[in-house]
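As you go down the protein sequences, you meet chains A and B in turn. For the first sequence, our numbering begins at 648 and goes up steadily by one. For the second sequence, our numbering begins at 648 and goes up steadily by one. Yeah, the Cβ is synthetic: ideal placement off N, Cα and C, and Gly gets one too. If you're wondering where the values come from, they're calculated on a predicted model, not measured in any experiment. A quick write-up on the structure given underneath.
2 protein chains.
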Amino acid sequence: MGPMCEEGPGGGGMHGGRPCCKRAGGAGRGALVEPAALAALLNKAGHGYDLRREIREITGGELEVDAGGLYRVLRRMEEEGFVTSVWAESDSAPQRRDYALTAEGRDLAEDWVAHLRERERLSGVLADALSSALKAETAHGEEAVDE
Amino acid sequence: MGPMCEEGPGGGGMHGGRPCCKRAGGAGRGALVEPAALAALLNKAGHGYDLRREIREITGGELEVDAGGLYRVLRRMEEEGFVTSVWAESDSAPQRRDYALTAEGRDLAEDWVAHLRERERLSGVLADALSSALKAETAHGEEAVDE
DNA sequence: GACGGATAGATGTAGCACGCATATAGTGCG
DNA sequence: CGCACTATATGCGTGCTACATCTATCCGTC
Numbered sequence: 648m649g650p651m652c653e654e655g656p657g658g659g660g661m662h663g664g665r666p667c668c669k670r671a672g673g674a675g676r677g678a679l680v681e682p683a684a685l686a687a688l689l690n691k692a693g694h695g696y697d698l699r700r701e702i703r704e705i706t707g708g709e710l711e712v713d714a715g716g717l718y719r720v721l722r723r724m725e726e727e728g729f730v731t732s733v734w735a736e737s738d739s740a741p742q743r744r745d746y747a748l749t750a751e752g753r754d755l756a757e758d759w760v761a762h763l764r765e766r767e768r769l770s771g772v773l774a775d776a777l778s779s780a781l782k783a784e785t786a787h788g789e790e791a792v793d794e
Numbered sequence: 648m649g650p651m652c653e654e655g656p657g658g659g660g661m662h663g664g665r666p667c668c669k670r671a672g673g674a675g676r677g678a679l680v681e682p683a684a685l686a687a688l689l690n691k692a693g694h695g696y697d698l699r700r701e702i703r704e705i706t707g708g709e710l711e712v713d714a715g716g717l718y719r720v721l722r723r724m725e726e727e728g729f730v731t732s733v734w735a736e737s738d739s740a741p742q743r744r745d746y747a748l749t750a751e752g753r754d755l756a757e758d759w760v761a762h763l764r765e766r767e768r769l770s771g772v773l774a775d776a777l778s779s780a781l782k783a784e785t786a787h788g789e790e791a792v793d794e
């Protein structure tokens with residue numbers, strides 16, 4: 648996986664057997680590849696392998712998408728009309744396919760902004776609920792700190 | 648589905664054919680049921696059907712988890728030692744199973760806080776990248792607004 | 001007393017997203 | 001030639017979710 652499960656703040660992973668990361672594995676963080684690809688395409692159209700670097704850059708190295716997954720997403724978005732692609736006509740280098748966003752793709756990106764903001768907010772709400780509940784429990788349950 | 652895809656801010660869904668919500672369907676928002684269940688259990692141990700209401704309350708009605716999914720998650724967490732359950736000994740009402748958190752479950756909740764904060768941050772980073780790229784594009788591409 | 005609705009728990013199924021491994025092919029290097 | 005890097009693509013397994021369905025017990029009502 649990319650960086651994120653390794654650099655977990657609390658160093659999660661030494662209680663029951665599997666940290667929550669495991670549970671959140673796979674699609675655990677929600678759809679990220681598609682919006683990341685859209686962001687990369689908005690910044691600079693190009694071929695898949697390059698978009699992957701672009702994604703790494705615009706997220707400050709925090710999101711490293713799987714190459715295979717990225718190609719899959721690009722092809723699917725093309726089928727759906729959100730991007731277009733043409734085989735780059737270079738003589739030497741390995742064949743590469745240059746992608747560009749369509750108008751629908753731009754609209755899709757706007758939808759994603761709203762959706763990601765929602766996810767951001769919801770994650771925060773849940774994290775707050777969890778941490779405040781944890782705080783409350785330790786306060787009156789651990790040592791009876793009076794209060 | 649729960650409330651969230653309906654009340655989408657931008658009213659996403661009128662371009663290519665399917666809004667990003669569709670793509671994010673299923674596990675799109677990442678794992679939410681497990682942390683929500685943990686939060687509910689921290690606030691007030693009880694039986695599944697009740698935890699579902701608790702979840703609705705602590706999230707301000709924003710998260711409405713699927714009943715079936717909640718039971719599944721509870722059973723699995725029990726298998727893994729994060730919660731325990733006993734059949735409530737009531738004469739009348741339908742049989743219910745009372746759940747309680749274990750020490751490992753509390754640790755798991757702590758892991759989830761960190762993980763959810765990470766997800767929150769990452770969603771924000773991506774949303775920022777997308778929206779700033781969108782802004783930049785409309786600025787110099789739409790009407791050549793000078794500047 | 002039959003009937004629908006709420007409570008309570010559980011399972012089956014389908015879909016989407018992801019990570020990892022693997023296959024292909026050209027290019028440059030030692 | 002072996003090896004690494006660029007570039008694209010597919011197969012496979014896992015995880016999480018939503019929707020439909022099934023059981024069973026109450027309770028109020030007609």
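Neighbouring residues, chain B, relative to residue i (Cβ below 8 Å)
| i | result |
| --- | --- |
| residue 784(A) | 689, 753 |
Sub-7 Å separation of residue i and residue j beta-carbons
| i | j | result |
| --- | --- | --- |
| residue 682(B) | residue 679(A) | no |
| residue 799(A) | residue 767(B) | Nothing can be reported for residue 799(A), as the shown portion of chain A is limited to 648 through 794. |
| residue 745(A) | residue 760(A) | no |
| residue 703(B) | residue 677(A) | no |
| residue 752(A) | residue 721(A) | no |
| residue 686(B) | residue 776(A) | yes |
| residue 717(B) | residue 730(B) | no |
| residue 763(A) | residue 770(B) | yes |
| residue 723(A) | residue 735(A) | no |
| residue 689(B) | residue 756(A) | no |
As assigned by DSSP and simplified to three states, the class of residue i
| i | result |
| --- | --- |
| residue 748(A) | strand |
| residue 712(B) | coil |
| residue 737(B) | coil |
| residue 693(B) | strand |
| residue 731(B) | strand |
| residue 753(B) | helix |
| residue 706(B) | coil |
| residue 678(B) | coil |
| residue 666(A) | coil |
| residue 671(B) | coil |
| residue 723(A) | helix |
| residue 743(A) | coil |
Neighbour-count burial assignment, residue i, 16 or more Cβ in a 10 Å radius
| i | result |
| --- | --- |
| residue 666(B) | buried |
| residue 632(A) | Residue 632(A) falls outside the range modelled here, since chain A spans only 648 to 794, and no answer is possible. |
| residue 754(B) | buried |
| residue 750(A) | exposed |
| residue 684(B) | buried |
| residue 693(A) | buried |
| residue 783(B) | exposed |
| residue 699(A) | buried |
| residue 719(A) | exposed |
Where residue i meets chain A, residues with beta-carbon distance less than 7 Å
| i | result |
| --- | --- |
| residue 675(B) | 677, 678 |
| residue 670(B) | 678, 681 |
Interface residues of chain A facing residue i [CB-CB closer than 9 Å]
| i | result |
| --- | --- |
| residue 710(B) | 769, 772, 773 |
### Task
Pull out every residue of the segment 753-767 of chain A whose Cβ sits closer than 8 Å to any Cβ of chain B, in chain order.
For the segment 753-767 of chain A, residues whose beta-carbon sits nearer than 8 Å to a beta-carbon of chain B comprise 753, 754, 755, 756, 757, 758, 759, 760, 761, 762, 763, 764, 765, 766, 767.
### Task
Below 8 Å between beta carbons is the criterion; list the residues of the segment 681-706 of chain A that meet it against any residue of chain B, in chain order.
So the list reads 681, 682, 683, 685, 686, 689, 690, 705, 706, given in the order they occur along the chain.
### Query
Taking Cβ-Cβ distances below 7 Å as the criterion, which residues of the segment 771-783 of chain A are in contact with chain B?
Cβ contacts with chain B: 771, 772, 773, 774, 776, 777, 778, 780, 781.
### Members of the segment 727-751 of chain A near chain B, C-beta cut-off 7 Å
For the segment 727-751 of chain A, the residues whose beta carbon sits under 7 Å from a beta carbon of chain B are, in order, 727, 728, 729, 751.
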